[in-house]
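Engineer: Handing you a structure now.
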Amino acid sequence: MLEIKSARKVFFKGQADEKIALNGLNLSLKTGDFGVVIGSNGAGKSSMLNAISGALILDTGKVQINETDVTGMPVYKRAAKLARVFQDPMKGTAASMTVAENMLLADLRSQKRRLRQGLNATRLAAYKERLALLGLGLENRLDTRVELLSGGQRQSLSLIMAVGGEPELLLLDEHTAALDPRTADIVMKATVKAVEALKLTTLMVTHNMQHAVDYGNRIIMLDAGKVRLEIGGEEKKQTTVADLIGHFAVKSDRMLLAS
Amino acid sequence: MAMIQDIFSSFVALVPVTLAQSLILAFVVLGIMIPFRMLSFPDLTSEGAFPLGGCVAGVLLAAGQSPLTAIAAALITGFAAGCCTAYIHLRFRIHTLLAGILMMTMLYSINLRIMGRSNLSVFGMESLFNWSPFGQPGFPSTKIAIAGALGLLVFVLLYLYFKTERGTGVRAVGSNPDMAEAQGINVWTATIGGVGLASAFSALSGSLMVQSQGFADVNMGLGILINGLAALMIGEAITGKQTVLRQLAAPFVGAVVYYQLVSLCLAAGMPPPDLKLATGLFVLLMLALPSLKRGRAPGAAREVMRE
Numbered sequence: 001m002l003e004i005k006s007a008r009k010v011f012f013k014g015q016a017d018e019k020i021a022l023n024g025l026n027l028s029l030k031t032g033d034f035g036v037v038i039g040s041n042g043a044g045k046s047s048m049l050n051a052i053s054g055a056l057i058l059d060t061g062k063v064q065i066n067e068t069d070v071t072g073m074p075v076y077k078r079a080a081k082l083a084r085v086f087q088d089p090m091k092g093t094a095a096s097m098t099v100a101e102n103m104l105l106a107d108l109r110s111q112k113r114r115l116r117q118g119l120n121a122t123r124l125a126a127y128k129e130r131l132a133l134l135g136l137g138l139e140n141r142l143d144t145r146v147e148l149l150s151g152g153q154r155q156s157l158s159l160i161m162a163v164g165g166e167p168e169l170l171l172l173d174e175h176t177a178a179l180d181p182r183t184a185d186i187v188m189k190a191t192v193k194a195v196e197a198l199k200l201t202t203l204m205v206t207h208n209m210q211h212a213v214d215y216g217n218r219i220i221m222l223d224a225g226k227v228r229l230e231i232g233g234e235e236k237k238q239t240t241v242a243d244l245i246g247h248f249a250v251k252s253d254r255m256l257l258a259s
Numbered sequence: 001m002a003m004i005q006d007i008f009s010s011f012v013a014l015v016p017v018t019l020a021q022s023l024i025l026a027f028v029v030l031g032i033m034i035p036f037r038m039l040s041f042p043d044l045t046s047e048g049a050f051p052l053g054g055c056v057a058g059v060l061l062a063a064g065q066s067p068l069t070a071i072a073a074a075l076i077t078g079f080a081a082g083c084c085t086a087y088i089h090l091r092f093r094i095h096t097l098l099a100g101i102l103m104m105t106m107l108y109s110i111n112l113r114i115m116g117r118s119n120l121s122v123f124g125m126e127s128l129f130n131w132s133p134f135g136q137p138g139f140p141s142t143k144i145a146i147a148g149a150l151g152l153l154v155f156v157l158l159y160l161y162f163k164t165e166r167g168t169g170v171r172a173v174g175s176n177p178d179m180a181e182a183q184g185i186n187v188w189t190a191t192i193g194g195v196g197l198a199s200a201f202s203a204l205s206g207s208l209m210v211q212s213q214g215f216a217d218v219n220m221g222l223g224i225l226i227n228g229l230a231a232l233m234i235g236e237a238i239t240g241k242q243t244v245l246r247q248l249a250a251p252f253v254g255a256v257v258y259y260q261l262v263s264l265c266l267a268a269g270m271p272p273p274d275l276k277l278a279t280g281l282f283v284l285l286m287l288a289l290p291s292l293k294r295g296r297a298p299g300a301a302r303e304v305m306r307e
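So the protein sequences, as listed, match chains A and B.
Numbering-wise, the first sequence is residues 1 to 259 according to full-length UniProt numbering.
Numbering-wise, the second sequence is residues 1 to 307 according to full-length UniProt numbering.
Structure representation (structure tokens):
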């Protein structure tokens, strides 16, 4: 369960270029919910995700994950509760380390790291099995350094790393936006499969209106640092891309193209 | 022909002495490699930590303390110096190189304060190199055995550490700090601990050098950094750096080969004052090589260093 209460964040406070990123944002997501976040550029989507992950410290307001107040927790402590896949495939993996080592890093996300052997036979076998689910052949490249993988493979690896260990909250930050359509489709399908199989509480940011219509059980539309519209339940199932675009104050070409 | 023979025989005569020296200095190269390659934190502290270890050990040895006490004190003070550099960088967001320069400059005064004068003889005092069960005390063979064994021990321990859960986490901080943090790793602890450990090795090297040469000098660190960097480049060219094992072997292999090369150059009649220029040009060449090979075309993925 995720709860954001009147979150407020202002950048460059008191200066000419003052920017209100989050303006009293309230959001609540039940356990098992799959929320899709849409909104135009500058609406506060990234700020909201950063506020949840801890990369951004709120001026005022509160963030709760499963009854635990994480508002003042640094990123590395929140990591025990949440996992995140970034838009940039480079961001979510350690390039100079191998596929297996990256899996190990994610595997220990919510545990204490000890002075004992990291990669052992049991773990390697488990990683192999998990990577095989993608069908990209990554299971045979455990000793390959991640920098040698393609963007799509890296992003798929990021996803497997994120859903492993069943985080209490999964954050997807436009995680298919930097991929070619075919790879984006593979990663999106794998995402849905993992989220449904593990019943993960998920928040996905996207600019792709089709994705917003197709996936998840709730649509959350942000505007000017606030939730402008929420669609859930039966209404969500009836919603079309055209409906969604109608809700945008500014209809940009990008949105039309994306649909 | 006779000249070449002369050069060769004077070089061969120096091989054991040079080998002993290079095994001691291998720890500085290790102290440069760990922040640079494992943490992506180009660190200059070693130029101050090496004489720091030497001065601390020198004062304690001159006061009649045991060599082990002297070495332990050098390790602790070196660790503290490295922690300071890392903290300055993290807390005040000062560039890693500038943080290192600040620390090394301040350490010069601290080293002078510790010794109370610019050099100190510990000749004839108890030293680790007197403790060999075999070989005559003070001879190169004894130094080679002791420094070599110590080097091997450190190498094995570090290799095992970097393969543990915690060691893998530390390497992740060097590879991608943002990702490491998102995986629950405390970047501050890893960086401060890692750079501290590296400086402890530099100080260890200084304390061994003082026991080997029989005196401590505040200027003993002058140019150690560029020598160490040159040794690291040679080592990496020989061993490669794709795996933890290779990366860890590079400082030791590089130190041994580099100092023999220097010895060969000197035997061949290179004037000693030109040595730093030659070393500097060599390091420049090694660093420039990838970009020279590429020509003027924009590079592929560049290694990202912390700033």
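The C-beta atom is built at its ideal place from N, Cα and C for all residues, glycine as well.
Below 8 Å between beta carbons: does that hold for residue 66 of chain A and residue 168 of chain A?
Structural biologist: Result yes, Cβ atoms of residue 66 of chain A and residue 168 of chain A sit closer than 8 Å.
Engineer: Closer than 7 Å, Cβ to Cβ, to anything on chain B: give me those residues from the region 88–110 of chain A, in chain order.
Structural biologist: Listed by position, the residues of the region 88–110 of chain A near chain B (Cβ gap below 7 Å) are 91, 92, 93, 94, 95, 96, 97, 101, 104, 105, 106, 108, 109, 110.
Engineer: Taking the alpha carbon of residue 264 of chain B as the point to measure from, which residue in B:10, B:3, B:2, B:1 has its own alpha carbon closest?
Structural biologist: Comparing Cα positions, the closest option is B:10.
Engineer: Using C-beta distances below 7 Å, list every residue in its chain close to residue 240 of chain B, excluding the 5 sequence neighbours before and after it, in chain order.
Structural biologist: Correct list, in chain order: 246.
Engineer: Just confirm the distance between the C-beta atoms of residue 231 of chain B and residue 254 of chain B, as a whole number of angstroms; I'd bet it's less than 8 Å.
Structural biologist: Contact holds; Cβ gap of about 4 Å.
Engineer: Taking C-beta pairs closer than 7 Å, name the residues in chain B that residue 153 of chain A reaches, listed in chain order.
Structural biologist: Those do not exist, as residue 153 of chain A stays about 15 Å from chain B at its closest Cβ, beyond 7 Å.
Engineer: Between residue 141 of chain A and chain B, is there a C-beta pair that is closer than 8 Å?
Structural biologist: No, because no Cβ of chain B sits closer than 8 Å to the Cβ of residue 141 of chain A.
Engineer: Quick check: the region 50–57 of chain A against the region 71–91 of chain A, are at least 3 beta-carbon pairs closer than 8 Å?
Structural biologist: They touch, by the three-pair rule.
Engineer: By DSSP's criteria, residue 35 of chain A is part of a beta bridge. Which residues make up the other side?
Structural biologist: Looking at the DSSP assignment, residue 35 of chain A forms a beta bridge with A:203, A:218.
Engineer: Beta-carbon within less than 8 Å of residue 247 of chain A's beta-carbon, same chain only, minus the 5 sequence neighbours each way: which residues are those?
Structural biologist: Excluding sequence neighbours, residue 247 of chain A sits near 221, 228, 229.
Engineer: If we count the other Cβ atoms within 10 Å of its Cβ and call it buried at 16 or more, is residue 227 of chain B buried or exposed?
Structural biologist: Answer is buried; the Cβ neighbour count reaches 16.
Engineer: From what residue to what residue does the beta strand (DSSP E) around residue 182 of chain A run?
Structural biologist: Taken as a continuous stretch (DSSP letters only), residue 182 of chain A belongs to no beta strand (DSSP E), being part of the alpha helix (DSSP H) at 181–198.
Engineer: Does any residue of chain B have a CB that is nearer than 8 Å to the CB of residue 118 of chain A?
Structural biologist: Closer than 8 Å: yes.
Engineer: To the nearest angstrom, how far is it from the Cα of residue 119 of chain B to the Cα of residue 221 of chain B?
Structural biologist: Cα to Cα, residue 119 of chain B sits roughly 13 Å from residue 221 of chain B.
Engineer: Nearest chain A C-beta to residue 194 of chain B closer than 8 Å, yes or no?
Structural biologist: With 8 Å as the cut-off, residue 194 of chain B does not count as an interface residue toward chain A.
Engineer: Contact criterion: CB-CB distance below 8 Å. Does residue 143 of chain B meet it with respect to chain A?
Structural biologist: For residue 143 of chain B, the answer is no, since every Cβ of chain A falls outside 8 Å of its Cβ.
Engineer: What distance in whole Å lies between the Cβ atoms of residue 170 of chain A and residue 201 of chain A, which are believed to be in contact at a cut-off of 8 Å?
Structural biologist: Confirmed, Cβ separation roughly 7 Å.
Engineer: Pull the bridge partners of residue 121 of chain B from the DSSP assignment, please.
Structural biologist: Paired residue(s): B:215.
Engineer: So residue 115 of chain A contacts chain B; which residues on that side make the cut at Cβ distance below 7 Å?
Structural biologist: 164, 166, listed in chain order.
Engineer: Scan the region 261–276 of chain B for residues whose Cβ lies nearer than 8 Å to a Cβ of chain A and list them as they occur along the chain.
Structural biologist: The region 261–276 of chain B vs chain A, Cβ under 8 Å: nothing.
Engineer: Count the other CB atoms, across all protein chains shown, that sit within 10 Å of the CB of residue 109 of chain A; report buried if there are 16 or more and exposed otherwise.
Structural biologist: When all chains shown are included, residue 109 of chain A counts as buried.
Engineer: Would you list, in chain order, the members of the region 58–89 of chain A that have their beta-carbon closer than 7 Å to a beta-carbon of chain B?
Structural biologist: Within the region 58–89 of chain A, the residues whose Cβ lies closer than 7 Å to some Cβ of chain B are 75, 76, 79, 80, 84, listed in chain order.
Engineer: For residue 270 of chain B, does the count of other Cβ atoms within 10 angstroms reach 16, so buried, or fall short, so exposed?
Structural biologist: Its Cβ having fewer than 16 others within 10 Å, residue 270 of chain B is exposed.
Engineer: To which residues of the same chain is residue 301 of chain B closer than 8 Å at the C-beta, ignoring the five residues directly before and after it?
Structural biologist: Because the pLDDT at residue 301 of chain B is just 49, under 50, the model does not fix this residue reliably, and the point stays unresolved.
Engineer: At 9 Å on the CB atoms, spell out the chain A contacts of residue 228 of chain B, in chain order.
Structural biologist: Per Cβ cutoff of 9 Å: no residues; residue 228 of chain B is ~22 Å from chain A at best.
Engineer: Looking at the unbroken alpha helix (DSSP H) that takes in residue 293 of chain B, where does it start and where does it end?
Structural biologist: Note, residue 293 of chain B: alpha helix (DSSP H), 275–294.
Engineer: Express the C-alpha separation of residue 140 of chain B and residue 176 of chain B in angstroms, rounding to a whole number.
Structural biologist: Those two C-alpha atoms are separated by around 43 Å.
Engineer: Got a sec, what are the start and stop residues for the alpha helix (DSSP H) residue 262 of chain A sits in?
Structural biologist: The requested residue 262 of chain A does not occur in the structure, where chain A is confined to residues 1 to 259.
Engineer: For residue 24 of chain B, which of B:93, B:274, B:53, B:34 has the nearest alpha-carbon?
Structural biologist: Ranking the options by Cα distance to residue 24 of chain B, first place goes to B:53.
Engineer: Does DSSP put residue 244 of chain A in a helix, a strand or coil?
Structural biologist: Note: residue 244 of chain A maps to helix in three-state DSSP.
Engineer: Could you tell me whether any Cβ in chain D is nearer than 8 Å to the Cβ of residue 15 of chain B?
Structural biologist: The structure shown has no chain D; the protein chains it does contain are A and B.
Engineer: For a cutoff of 8 Å on Cβ pairs, would you count residue 172 of chain B as touching chain A?
Structural biologist: At least one chain A Cβ lies under 8 Å of residue 172 of chain B.
Engineer: Take residue 248 of chain B and list the residues in its own chain whose beta-carbon comes closer than 7 Å to its own, dropping the five residues that flank it on each side.
Structural biologist: Result list for residue 248 of chain B: 155, 158, 159, in chain order.
Engineer: For residue 169 of chain B, collect the residues of the same chain with a Cβ closer than 6 Å to its Cβ; drop the 5 residues on either side in sequence, then sort them by chain order.
Structural biologist: Only 185 meet the Cβ criterion.
Engineer: Could you check where the beta strand (DSSP E) with residue 6 of chain A kicks off and where it finishes?
Structural biologist: That run of the beta strand (DSSP E) goes 2–11.
Engineer: According to the Cβ coordinates, are residue 78 of chain B and residue 212 of chain B closer than 8 Å?
Structural biologist: Going by C-beta atoms, residue 78 of chain B is not nearer than 8 Å to residue 212 of chain B.
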